[in-house]
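A.B. asks: Protein chains in written order, with our numbering: chain A, 1 to 227; chain B, 228 to 454; chain C, 455 to 699; chain D, 700 to 944.
Just dropping this structure here.
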């Protein structure tokens, strides 16, 4: 009984703290906004030049001058400020964003992340992903535990070393998959540690589907989420 | 019959062109603003964060939030914009200012400029002078031809090499003194050329008061003022 | 020396030459100088290098210049929203240099501010750092990136006055302000042309010194790439939530 | 997690420690966070390094901290408007690092933007380049300068909202916006405290993310260093002309 996309987003939302400034990637990370606890003040940053991102607009109220980094129409809040791309990435690169939640193709036990290109396929570009993982204080990956090919075969995504070109080297602090949660000691030598299991998932199932070496420390507070 | 301060400022004003953005230093350079030809559009930049500097305020209308780089109270114009010191020096360093007119202690035949410190005396700092001479497209120095000591002796200020610590190396395009005007081939090997004499001043008088080697090409348009 | 030109074609007349490097503002289709891009197409100049975060979509923005094969090279962070791009790239007609978005923004800002090179953490340990100097400062690795400076920049602003002072609107600001500073010749299209003094001088994003030519485009066609909305009854939906339509 | 504190002393309580590096905004006496500087004096912290374009005048701004001998080192572009500074410097009590003003501004901007080092033309061939790397790019020489980052920044703004969004007024902006980005803890004093939403989001100079604490100083004493005026009859006097009084 793996976690659904919503359950993964809800688990990621537990990494939020009152007063956090957060950048959410496209896909499941966007859903995390739906799980911000009531009363907790979290400001969402959009790297195209906005802090204090509001919900999608009501139909008919879309403003082409107001989009997020996924090019979706959004709205502003009383707290909103706008700024240039240079100032936006100054904010990101300068370590002012507390948390970035994003998707991944592969994560290695040392915190390496690959999520922007597959050699041989048309490459669309890294956008702001390399800047985010290099600059944001804490990086949380939310992804399916394994990649499912069209023929039904499964490829592990948590690896001892990424085979795809990297987005960042030693950048991931926490990985949330549909099967569980892993903390990564990205600056040290502690490697990857399984700290939570999704409901009904066993350590054995995870071991079978994980190529990366990992330690197990279930029920302990993840070291890396002490913000 | 050397030029007065006003005549030197008037001569410096001949370097202005319609549409120029100009930074004026403290002292005689400030007076250049009085000689902007009617109808010519010149915007003055103040490096503390303002473009489009207006005249001094009427008495009683001084605004402590509105000063120039000399810390004098000034006013704004309809064209005025304000910006941070980083943006101001981005403008300067990036080569967007057409002309800087400033004073000097010493200028060398190769365009070296010294105007910020005298070793052994209390040093107040270079302020924005080093950035201006390094970044502005054309640098014009306006200064007395010689320095007069308290005991009446005169020291030349146009030298074969500056003896004081430099503000910039190879940065001056034109020198206007009370005795005449010198063009400097700062990027090349052409050295310094006397191109104008003040009213009633002779070449011999200038030669006597100038330590720097210089060529003479009176009556020719200064090469360096082709903007 | 009036900076205001009658239209985009007049504003660009004689400026665009084969082989030039041009910066174009915008993020996706938001804040793109679409009318000036059309005028660049009409200039017929070839072998252009474009520095722009994206490459438009088919038939819109820089997509127009892909159709006419006027672009030889793109420096961008994200492309491929248009099929023609992929096609020309895969056939080798089009050269492509990927920059991380923040590195691209900073390279442009640096170029405009007289900074020839700077160091950044972004891209260390990735192929972005290949062939570049990597250096340690205070125990961390950084890669050296170079400033960018173009022959021409074309930008889109919300308001502009005759002096060239510009104000951008919401997220249509994006790359426009830095690009305005980083070219020999910056041309701006503005939705609202006003007289000097009408814009609060504390709220000017781009001082007039950076803008050499200005054209009034009162009714730009603004397209939306991803129209996302929420239902009226779900007024309490938290930030960024909703459905894609 | 309200960012607004009752007064400057409360806002700085427990923050200022001996030996810290503190940035203070302002150019001359224009836009200085005078009330926060007083609170730093009252904290009694010693051996402070200050990064500030100037060092105040006798009895005003950082001049206050010279009187109490709390400053060990200044990083500035221009000082010596006050006698106490000269005295302490010449006696060797006070260390002084001169930076060209634009280099200082850019070092602070770089520190806040995660840029550990950059190259600039400013200072090449002068004593400012002594001991620093000088490198050629495209045929020109540049000197490498490092980013600056402080323990605390104190800034002065015209308006601020409870979220920490700030707007500066006229030339009181100067070093304040960059300094707000370049410290672990930025504390702002604002002349007008407003609610979120009252400031146009397109005109916010410092987004709230950079400001951790905020104090409302409704009647700051603003001093003028060089009171210069013109006579009423000379209304046609051109720019910057007039007499010093």
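Ideal placement from N, C-alpha and C gives every residue a C-beta, glycine not left out.
1) May I ask which residues mark the beginning and end of the alpha helix (DSSP H) holding residue 828 of chain D?
2) Report the neighbours of residue 283 of chain B on chain C: residues whose CB is nearer than 7 Å to its CB, in chain order.
3) Can you tell which of A:40, A:196, A:153 has the C-alpha that lies nearest to the C-alpha of residue 20 of chain A?
4) Along chain A, which residues have their Cβ under 8 Å away from the Cβ of residue 423 of chain C?
5) Taking all protein chains shown into account, do 16 or more other C-beta atoms lie within 10 angstroms of the C-beta of residue 11 of chain A, making it buried, or fewer, making it exposed?
6) Residue 573 of chain C versus chain D: which residues are under 8 Å apart at the beta carbon?
7) Consult DSSP for residue 20 of chain A and reduce its assignment to one of helix, strand or coil.
8) Rounding to the nearest angstrom, what Cα-Cα distance links residue 342 of chain B and residue 140 of chain A in this structure?
9) Tell me the residue span of the alpha helix (DSSP H) that contains residue 491 of chain C.
10) Please state if the CB of residue 48 of chain A and the CB of residue 481 of chain C are separated by a distance shorter than 9 Å.
11) In chain A, what lies closer than 8 Å to residue 676 of chain C by C-beta?
12) Tell me which residues share the same chain as residue 149 of chain A and place their Cβ nearer than 8 Å to its Cβ, disregarding the 5 neighbours each side in the sequence.
13) Residues in the same chain with beta-carbon distance under 6 Å from residue 800 of chain D, minus the five sequence neighbours each way, listed in chain order, please.
14) Can you give the Cα-Cα distance for residue 162 of chain A and residue 593 of chain C, rounded to whole angstroms?
15) Considering only DSSP beta bridges, list what residue 402 of chain B is partnered with.
16) Opposite residue 926 of chain D in the DSSP bridges: which residues?
17) Buried or exposed: which applies to residue 451 of chain B, given that a residue is buried once 16 or more other Cβ atoms fall within 10 Å of its Cβ?
18) If we count the other Cβ atoms within 10 Å of its Cβ and call it buried at 16 or more, is residue 835 of chain D buried or exposed?
19) Counting only beta-carbon separations shorter than 9 Å, does residue 704 of chain D have a partner in chain C?
20) For my contact list, residue 108 of chain A and residue 159 of chain A are in at a C-beta cut-off of 8 Å; report their separation, rounded to the angstrom.
21) Could you tell me which chain B residues have their CB closer than 9 Å to the CB of residue 629 of chain C, listed as they occur along the chain?
22) Counting only beta-carbon separations shorter than 9 Å, does residue 299 of chain B have a partner in chain D?
23) For the stretch 849 to 865 of chain D against the stretch 875 to 893 of chain D, do three or more pairs of beta-carbon atoms, one drawn from each stretch, fall closer than 8 Å, so that the two count as touching?
24) Residue 504 of chain C: which of C:497, C:529, C:510, C:518 sits nearest, CA to CA?
25) Would residue 737 of chain D count as contacting chain A if we go by Cβ distances under 9 Å?
26) Indicate whether at least one CB of chain D lies closer than 9 Å to the CB of residue 278 of chain B.
27) Report the three-state DSSP secondary structure of residue 67 of chain A (helix, strand or coil).
28) In the DSSP assignment, find the unbroken beta strand (DSSP E) run with residue 503 of chain C in it and report its ends.
29) Since residue 16 of chain A and residue 52 of chain A are thought to touch, with beta carbons under 8 Å apart, how far apart are those beta carbons, to the nearest angstrom?
30) Just tell me which of D:891, D:919, D:914, D:903 has its CA closest to the CA of residue 703 of chain D.
31) CB residue 92 of chain A to CB residue 152 of chain A, shorter than 9 Å?
32) Determine the chain B residues that contact residue 619 of chain C at a beta-carbon separation under 7 Å, and present them in chain order.
33) Can you grab the Cα-Cα spacing for the pair residue 941 of chain D / residue 300 of chain B, in whole Å?
34) Confirm, please, whether the CB-CB distance from residue 168 of chain A to residue 578 of chain C is below 9 Å.
35) Would you say residue 275 of chain B lies against chain D (beta-carbon separation less than 9 Å)?
36) Given this structure, state the Cα-to-Cα distance separating residue 463 of chain C from residue 641 of chain C, to the nearest angstrom.
C.D. replies: On the basis of the coordinates in this document:
1) Unbroken run through residue 828 of chain D: none, as it is neither H nor E.
2) Simply none; closest approach about 18 Å.
3) Measuring from the Cα of residue 20 of chain A, the nearest candidate turns out to be A:40.
4) With chain C running from 455 to 699 in the structure shown, residue 423 of chain C is simply not present.
5) buried
6) 814, 815, 816, 817
7) coil
8) 54 Å
9) 488 to 497
10) yes
11) 64, 65
12) 155
13) 776
14) 24 Å
15) B:368, B:409
16) Per DSSP, none; premise fails for residue 926 of chain D.
17) Note that residue 451 of chain B has pLDDT 45, beneath the 50 cutoff, so the model's placement of it is unreliable and the number below is only indicative. It counts as buried.
18) exposed
19) So, not an interface residue.
20) 5 Å
21) Under the 9 Å cutoff, chain B gives no residues; its nearest Cβ is about 16 Å from residue 629 of chain C.
22) Using a CB distance cut-off of 9 Å, residue 299 of chain B counts as an interface residue toward chain D.
23) yes
24) Of C:497, C:529, C:510, C:518, the residue nearest in Cα terms is C:529.
25) No - not a single Cβ of chain A is within 9 Å of the one on residue 737 of chain D.
26) Not closer than 9 Å to any Cβ of chain D, the Cβ of residue 278 of chain B fails to qualify, so no.
27) strand
28) First-last of the beta strand (DSSP E) with residue 503 of chain C: 502 to 505.
29) The Cβ separation is near 15 Å, so there is no contact.
30) Taking only the C-alpha atoms, the option nearest residue 703 of chain D is D:914.
31) no
32) Within chain B, the residues near residue 619 of chain C are 308.
33) For residue 941 of chain D, the pLDDT reaches just 40, beneath the cut-off of 50, and the residue's location in the model is therefore unreliable, although a value from the coordinates is still provided. Cα-Cα distance, rounded: 11 Å.
34) Closer than 9 Å, so yes.
35) Yes, residue 275 of chain B counts as interfacial toward chain D.
36) 11 Å
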